[in-house]
Amino acid sequence: MVPLSWYLALSAVLFTIGAVGVFVKRNVISIFMCIELMLNAVNLTLIAFSSFYREVSGQLFVFIVMTVAAAEAGVGLALVIAVFRNRESLNTDDINLLKL
Amino acid sequence: MMEQAFFLILATLAVGAALSVIIQRSPLYSAFSLIGVFACLAGTYIMLKAQFLGAIQMIVYAGAIMVLFVFVIMLLNIRKEETALDKYRYLWLLSIPFAATLIVEVLYTILKVTSDFTSLPEMAKRPEVGDSQSIGYGLYTGYLMPFELTSILILLAIVGSVILARREKD
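Protein chains in written order, with the working numbering: chain S, 246 to 345; chain L, 150 to 319.
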């Protein structure tokens, strides 16, 4: 039997790596992927608690988080394409203005 | 014992792949590493007896969302991250203590809080959750409203992304 704290520790490590990635990466798509990593770390926490407490709500939250992440990825990548068409760059230092 | 060894293998692979996500310069390699993280997490979900979400993780995340990422990366033909952080070298050095503080803080809290977590006897008597039956029952009874709102959100996201990515007519 794997203790609960191991799952939570794995989740914390993955979340920290994702948070560091958001600050370190300079490419918009890479930053997006780090956000997905953080979402997955939180999903692991929710599923671990749900499984240890035998309560289904946590897994339903994860289900909804996954659909919201899919929507976020769709809209976010459409924005990336629109930005790239106008700026010819995905570096966050080049797209620090909302104005065209 | 077997279970713990299996968890440790999965956790090591997941952390290694996650580090690879942020170390790789090329977004394409980052995306492939991220698929590895998702596969390892699907394994841990199955170890937690959340089989349905493990399958959804592979089908929706690794299958659909990451294919979308790879598709956009290849469409835009991004070679690698230009001009790393040479300008901001000192920020790199600054980021290490901050990340260390965050991880130590979170791990300390987790170990402190969960050291007195014991599986209560009434919890063990409850039925297992995580199969498609319990998830479906929950979604269509107590969580019907969020479920329907999520479907509206998905519809809005489809329309929004089509409008955003459309080429402007002159």
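For glycine and all other residues, C-beta sits at the position ideal for the given N, C-alpha and C. All figures in this text were calculated on a predicted structure; none of them were measured in a lab.
Residues that residue i contacts on chain L, provided the C-beta gap is smaller than 7 Å
| i | result |
| --- | --- |
| residue 332 of chain S | Ordered by position in chain L, no residue passes the 7 Å Cβ test against residue 332 of chain S, which lies about 11 Å from the chain. |
| residue 270 of chain S | 171 |
| residue 287 of chain S | Neighbours of residue 287 of chain S on chain L: none; closest Cβ ~11 Å, over 7 Å. |
| residue 282 of chain S | 167, 170, 183 and 186 |
For residue j and residue i, the rounded distance between their alpha carbons
| i | j | result |
| --- | --- | --- |
| residue 293 of chain L | residue 300 of chain L | 11 Å |
| residue 180 of chain L | residue 314 of chain L | 21 Å |
| residue 339 of chain S | residue 250 of chain S | 42 Å |
| residue 326 of chain S | residue 207 of chain L | 26 Å |
| residue 280 of chain L | residue 214 of chain L | 23 Å |
| residue 211 of chain L | residue 188 of chain L | 7 Å |
| residue 203 of chain L | residue 193 of chain L | 8 Å |
| residue 267 of chain S | residue 185 of chain L | 19 Å |
| residue 286 of chain S | residue 247 of chain S | 17 Å |
| residue 218 of chain L | residue 302 of chain S | 30 Å |
| residue 297 of chain S | residue 249 of chain L | 29 Å |
| residue 279 of chain S | residue 165 of chain L | 14 Å |
| residue 344 of chain S | residue 205 of chain L | 39 Å |
| residue 274 of chain S | residue 275 of chain L | 43 Å |
| residue 316 of chain L | residue 151 of chain L | 55 Å |
| residue 271 of chain S | residue 173 of chain L | 12 Å |
| residue 322 of chain S | residue 304 of chain S | 27 Å |
| residue 252 of chain L | residue 261 of chain S | 6 Å |
| residue 282 of chain S | residue 333 of chain S | 26 Å |
| residue 154 of chain L | residue 169 of chain L | 23 Å |
| residue 296 of chain L | residue 319 of chain S | 19 Å |
| residue 167 of chain L | residue 263 of chain L | 25 Å |
| residue 331 of chain S | residue 238 of chain L | 29 Å |
| residue 276 of chain S | residue 284 of chain S | 13 Å |
Residues that residue i contacts on chain S, provided the C-beta gap is smaller than 8 Å
| i | result |
| --- | --- |
| residue 282 of chain L | Residues of chain S passing the Cβ test: none, with the nearest at roughly 10 Å. |
| residue 196 of chain L | 247 |
| residue 208 of chain L | In chain order: nothing, as chain S lies at least about 10 Å away. |
| residue 213 of chain L | 315 |
The alpha helix (DSSP H) enclosing residue i, as first and last residue numbers
| i | result |
| --- | --- |
| residue 136 of chain L | For chain L, the structure presents residues 150 to 319; residue 136 of chain L sits outside this window and is missing. |
| residue 317 of chain S | 302–332 |
| residue 249 of chain S | 249–269 |
| residue 278 of chain S | 273–298 |
| residue 340 of chain S | Segment: none, residue 340 of chain S is in no alpha helix (DSSP H) and carries neither H nor E. |
| residue 285 of chain L | 281–289 |
Neighbouring residues, chain L, relative to residue i (Cβ below 8 Å)
| i | result |
| --- | --- |
| residue 320 of chain S | 306, 309, 310 and 313 |
| residue 278 of chain S | 170, 176, 179, 180, 183 and 218 |
| residue 340 of chain S | Within chain L, no residue comes near residue 340 of chain S; the closest Cβ sits about 13 Å away, beyond 8 Å. |
| residue 335 of chain S | 225 and 227 |
Proximal residues of chain S, C-beta to C-beta of residue i below 9 Å
| i | result |
| --- | --- |
| residue 205 of chain L | 307, 308 and 311 |
| residue 164 of chain L | 255, 258, 259 and 262 |
| residue 153 of chain L | 246, 247, 248 and 251 |
| residue 285 of chain L | In chain order: nothing, as chain S lies at least about 10 Å away. |
Residue i CB to nearest heavy atom of the ligand FAD below 7 Å
| i | result |
| --- | --- |
| residue 309 of chain L | Ligands displayed in this structure: none; no statement on the ligand FAD is therefore possible. |
Partner residues on chain L for residue i, Cβ-Cβ distance less than 9 Å
| i | result |
| --- | --- |
| residue 274 of chain S | 176, 179, 180, 218, 221, 222, 225 and 227 |
| residue 324 of chain S | 310, 313 and 314 |
Within chain S, the residues that residue i reaches when beta carbons sit closer than 7 Å
| i | result |
| --- | --- |
| residue 132 of chain L | No answer is possible for residue 132 of chain L: the residues shown for chain L start at 150 and end at 319. |
| residue 259 of chain L | 250, 253, 254 and 257 |
| residue 275 of chain L | 299 |
| residue 279 of chain L | 296 and 304 |
| residue 158 of chain L | Residues of chain S passing the Cβ test: none, with the nearest at roughly 12 Å. |
- Could you tell me whether the segment 285–293 of chain L touches the segment 301–309 of chain S, where touching means 3 or more Cβ pairs closer than 8 Å? Yes, they touch.
- Looking at C-beta atoms only, is the number of pairs between the segment 197–206 of chain L and the segment 280–293 of chain S that lie closer than 8 Å three or more? Touching, yes, given that three or more Cβ pairs across the two stretches are closer than 8 Å.
- Can you list the alpha helix (DSSP H) stretches of 4 or more residues lying completely in the segment 161–248 of chain L, in chain order? Listed in chain order, the complete alpha helix (DSSP H) runs (minimum 4 residues) inside the segment 161–248 of chain L are 176–196, 200–205 and 215–225.
- Counting Cβ pairs, one atom from each stretch, are 3 or more of them under 8 Å apart for the segment 235–254 of chain L and the segment 158–169 of chain L? The segment 235–254 of chain L is not in contact with the segment 158–169 of chain L.
- Tell me, please, whether the segment 246–263 of chain L touches the segment 247–260 of chain S by the rule of three or more beta-carbon pairs shorter than 8 Å. Three or more Cβ pairs closer than 8 Å define a contact, and the segment 246–263 of chain L meets that threshold against the segment 247–260 of chain S.
- Validate contact between the segment 169–184 of chain L and the segment 312–325 of chain S using beta carbons, cut 8 Å, 3 pairs: With a cut-off of 8 Å, the segment 312–325 of chain S and the segment 169–184 of chain L do not count as touching, because too few Cβ pairs lie within range.
- Segment contact, 8 Å Cβ cut-off, at least three pairs: the segment 319–338 of chain S with the segment 215–224 of chain L: Taking 8 Å as the limit for Cβ pairs, the verdict is that the segment 215–224 of chain L does touch the segment 319–338 of chain S.
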